[in-house]
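Taking this note's numbering as reference, the numbering of the sequence shown is continuous, increasing by one, and the terminal residue is 299.
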Amino acid sequence: MDKNLIENLQKRHFTVHEAATGEEAKKIALDIIGSRSTGIGGSKTVSQLGLYETLTEQGNEVHWHWKVGPEKKKEERDLAVKCEVYMCSANALMEDGRIVQIDGTGNRLAGLIYGPPCVILIVGRQKIVPDYDSAIERIKRDTCPGNARRQNFDTPCAKTGVCMDCRGPARMCNVTAIIEAPLRVHKEFHVVLVDEELGL
Ligand code: SF4
């Protein structure tokens, strides 16, 4: 794992965990969460690791809008940002330790910025990039087209794989945020670095 990145994250007061595999990352996340209620933001990584299922089975209160029908999504998003823990992935992680997130609805950023006092981000190795330009390039090339296709969003990137800076209602890139350090609401901000490709 990149020692420079780890040091840069620690200097910013993020708590860093290293995992060789997704399974190890899952165990780390479960240990951090314990019995606490957990909100989950849109995340292929979390989905791949089966964290929702394990948490539900072990009796945690879990809120994730991906697991409910369209009429319940708003309520579930609202409940997720009021849990004790908020969990998702990063869209990109820069070498200097800053986290880049884009959001279309805003719930994920709300959960990460002014939500639960404990945040867990699980980050696959392909999301680590040298700088901001590479972060945006990666997000527009890999993250958005994949997410749009998965959710059947009518965006140019879903059709062609290329960002056209669209203006339609399905646009996913409505906010781009850089998280430079934990916010004042955070008592814990965990970044789990996984030495494996995970998510989009
Ligand atoms: S701005 Fe539109 S086309 Fe570009 S990546 Fe975002 S959703 Fe896709």
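Backbone N, C-alpha and C define an ideal beta-carbon position, used for all residues, glycine too.
**Asked** When the cut-off is 8 Å and only beta carbons count, does Gly-245 lie next to chain B?
**Response** Reference to chain B is not applicable here, since this structure consists of a single protein chain.
**Message:** Among the candidates Thr-155, Val-115, Gln-147 and Glu-122, whose CA atom is the shortest distance from the CA of Ser-134?
**Reply:** Its Cα nearest to that of Ser-134, the residue Thr-155 stands out among Thr-155, Val-115, Gln-147 and Glu-122.
**Prompt:** Is it a yes or a no for the region 267 to 280 touching the region 115 to 124, going by three-plus beta-carbon pairs under 8 Å?
**Reply:** no
**Bounding residues of the alpha helix (DSSP H) (the contiguous stretch that carries Gly-260)** = In the DSSP annotation of this structure, Gly-260 is not part of any alpha helix (DSSP H), being labelled neither H nor E.
**Prompt:** Going by beta carbon distance, what residues of the same chain come within less than 6 Å of His-164, once the five residues before and after it are set aside?
**Reply:** Once the five neighbours on either side are set aside, the close Cβ partners of His-164 are Lys-172, Glu-175 and Arg-176.
**Prompt:** Since Val-145 is in the beta strand (DSSP E), which residue starts that stretch and which ends it?
**Reply:** From DSSP, Val-145 is part of no beta strand (DSSP E) but of the alpha helix (DSSP H) over 143 to 148.
**Item:** Pro-268 beta carbon near the ligand SF4 (any heavy atom closer than 7 Å)
**Value:** no
**Prompt:** Which ranges would you report for the alpha helix (DSSP H) in the region 204 to 283 if only whole runs of at least 4 residues count?
**Reply:** 206 to 212, 231 to 237, 243 to 249 and 255 to 259
**Message:** By the three-class DSSP mapping on this structure, what secondary structure does Gly-114 have?
**Reply:** The sequence shown places Thr at residue 114, rather than the Gly named in the question. Reduced to three states, the DSSP call for Thr-114 is strand.
**Message:** Can you tell me whether Gly-138 is buried or exposed? The criterion is at least 16 other CB atoms within 10 Å of its CB, across all chains shown.
**Reply:** buried
**Gly-223 vs Val-115 beta-carbon contact at 8 Å** = no
**Prompt:** Pick from Ile-105, Val-291, Leu-297 and Met-100: whose alpha carbon is nearest that of Asp-195?
**Reply:** Ile-105
**Asked** So the beta strand (DSSP E) Asp-202 belongs to, where does it begin and stop?
**Response** Taken as a continuous stretch (DSSP letters only), the beta strand (DSSP E) holding Asp-202 covers 198 to 202.
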